[in-house]
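Residue numbers (the UniProt record's numbering): 1 to 229. Quick reminder that beta carbons are idealized off the backbone N, C-alpha and C, glycines included. All values derive from a computational prediction rather than experimental measurement. This report concerns only the one structure given below.
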Amino acid sequence: MVGLMLTTYNQLEDTKKTLESLENNTNIPFKFVIVDNASTDGTIPYLKQKGYYFIENPQPISLSAALNQGLRYFLSDPHIRYIGWIHNDMTFYFNWLEQLLEHLRQNNRIGKLAPVSLHMFGPDDPKFAEEFMAQHQGISYPGNACPWIMPREVIEKVGLFDERFIQCGGYEDWDYNNRVLDEGYEVMITKASVVWHPAMGTRKNHDETDSGRKNAELYSQKWGPHPRV
1 MVGLMLTTYN QLEDTKKTLE SLENNTNIPF KFVIVDNAST DGTIPYLKQK
51 GYYFIENPQP ISLSAALNQG LRYFLSDPHI RYIGWIHNDM TFYFNWLEQL
101 LEHLRQNNRI GKLAPVSLHM FGPDDPKFAE EFMAQHQGIS YPGNACPWIM
151 PREVIEKVGL FDERFIQCGG YEDWDYNNRV LDEGYEVMIT KASVVWHPAM
201 GTRKNHDETD SGRKNAELYS QKWGPHPRV
């Protein structure tokens, strides 16, 4: 089974659209958890009303810590074979998840896999998305994007995200990618799966200048200044 986690911090209207799109375009069973980071805009009452399972953080925590909450939740379930993370500003297309899983099954050296965002190639159109995915079967390349999905055994080897990376200042994903690479796996993007995700919907609404600088310093201390994928 697949476990999907969604992290939320306000942006309720975006979250509603993302949840609707996810439910309408994901044709295989999946276990779902929402990790909320102290939303104040009615997100929690909405999630309760709709019956979603969620982890509520009454005080803000870092993105790394929120991701780790979701990872721990799924790792506690022995039936979960793949774990993925989605954002609350995404549009999904039919078979997006099936295509990611198929690509992982075909190449067991991939440790972290993401789809491309369709906005780089064409319109936000389900028919175009279907045709694009059909035309790019088996095509992947090294890169970092979101949403992503990872096999359980990779997460068990690599471990959790480094919670020294603060707030939503970035670099926690580059750090994790490097750790995946060091375990002998690949970090890839495939054109066989697409979503619509043209911008950092949460981060762009907050000043992450200071946290970004501190996270960059920590990353550079660990790995040097540049990403490896």
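Can you tell which of the options has its C-alpha closest to the C-alpha of residue i?
i           : options                               : result
Tyr-73      : Tyr-52, Leu-4 and Ala-192             : Leu-4
Leu-101     : Glu-130, Lys-157 and Gly-138          : Gly-138
Pro-78      : Glu-163, Glu-156, Glu-186 and Asn-178 : Glu-156
Lys-222     : Ser-21, Phe-132, Val-33 and Phe-165   : Phe-165
His-119     : Phe-92, Arg-109 and Glu-98            : Phe-92
residue 239 : Cys-168, Glu-183, Thr-15 and Tyr-141  : For the chain, the structure presents residues 1 to 229; residue 239 sits outside this window and is missing.
Val-33      : Gly-143, Asn-215 and Asn-88           : Asn-88
Glu-131     : Phe-30, Gly-159, Val-194 and Ala-114  : Val-194
Ser-140     : His-226, Asp-173 and Gly-111          : Gly-111
Met-1       : Asn-27, Thr-15, Glu-20 and Leu-19     : Asn-27
Phe-94      : Tyr-46, Ser-62, Tyr-171 and Ala-192   : Ala-192
Ile-80      : Ile-189, Tyr-219, Tyr-185 and Val-154 : Val-154
Leu-181     : Thr-190, Glu-208 and Gly-159          : Gly-159
Ser-39      : Lys-31, Glu-163, Gln-59 and His-136   : Gln-59
Gly-84      : Leu-6, Pro-227 and Gln-106            : Leu-6
Thr-133     : Asp-173, Phe-121, Thr-18 and Glu-23   : Per the sequence shown, residue 133 should be read as Met rather than Thr. The candidate whose alpha carbon is nearest that of Met-133 is Phe-121.
Lys-50      : Glu-20, Glu-186, Leu-63 and Phe-128   : Glu-20
Arg-179     : Asp-125, Thr-15, Val-229 and Pro-123  : Val-229
Gly-42      : Asn-215, Leu-22, Lys-16 and Phe-30    : Lys-16
Trp-96      : Pro-126, Ser-76, Ile-44 and Thr-8     : Pro-126
Using DSSP bridges, identify the partner residues of residue i.
i       : result
Pro-151 : Tyr-82
Asp-36  : Thr-8 and Glu-56
Lys-16  : Paired residue(s): none; Lys-16 is not in a bridge.
Lys-31  : Gly-3
Phe-92  : Val-195
Can you name the start and end residues of the beta strand (DSSP E) that residue i belongs to?
i       : result
Ile-110 : 110-117
Quick one: is residue i buried, meaning 16 or more other Cβ sit within 10 Å of its Cβ, or exposed?
i       : result
Asn-10  : buried
Arg-109 : exposed
Glu-217 : exposed
His-197 : buried
Ser-211 : buried
Glu-13  : exposed
Arg-105 : exposed
Asp-207 : exposed
Gln-135 : exposed
Glu-172 : buried
Asn-107 : exposed
Asn-24  : exposed
Ser-220 : exposed
Pro-142 : exposed
The alpha helix (DSSP H) that contains residue i, what's its start and end?
i       : result
Ile-189 : No alpha helix (DSSP H) contains Ile-189, which is instead part of the beta strand (DSSP E) from 186-196.
Ser-211 : 209-223
Tyr-141 : Looking at the DSSP string, Tyr-141 is not in any alpha helix (DSSP H); the run it does join, the beta strand (DSSP E), is 140-142.
Pro-123 : No alpha helix (DSSP H) holds Pro-123; DSSP gives it neither H nor E.
Thr-26  : Segment: none, Thr-26 is in no alpha helix (DSSP H) and carries neither H nor E.
Ser-64  : 63-75
Pro-45  : 43-50
Tyr-176 : 172-182
Can a CB atom of chain D be found closer than 8 Å to the CB of residue i?
i       : result
Tyr-176 : Of the protein chains in this structure there is only one, and it is not chain D.
Counting pairs of beta carbons, one from the stretch 131-151 and one from the stretch 48-60, are three or more of them closer than 8 Å? As far as the Cβ criterion goes, the stretch 131-151 does not touch the stretch 48-60, which means the pair count is below three.
Spell out a yes or no on whether the stretch 22-39 and the stretch 63-70 are touching, meaning 3 or more CB-CB pairs, one atom from each, closer than 8 Å. The stretch 22-39 is in contact with the stretch 63-70.
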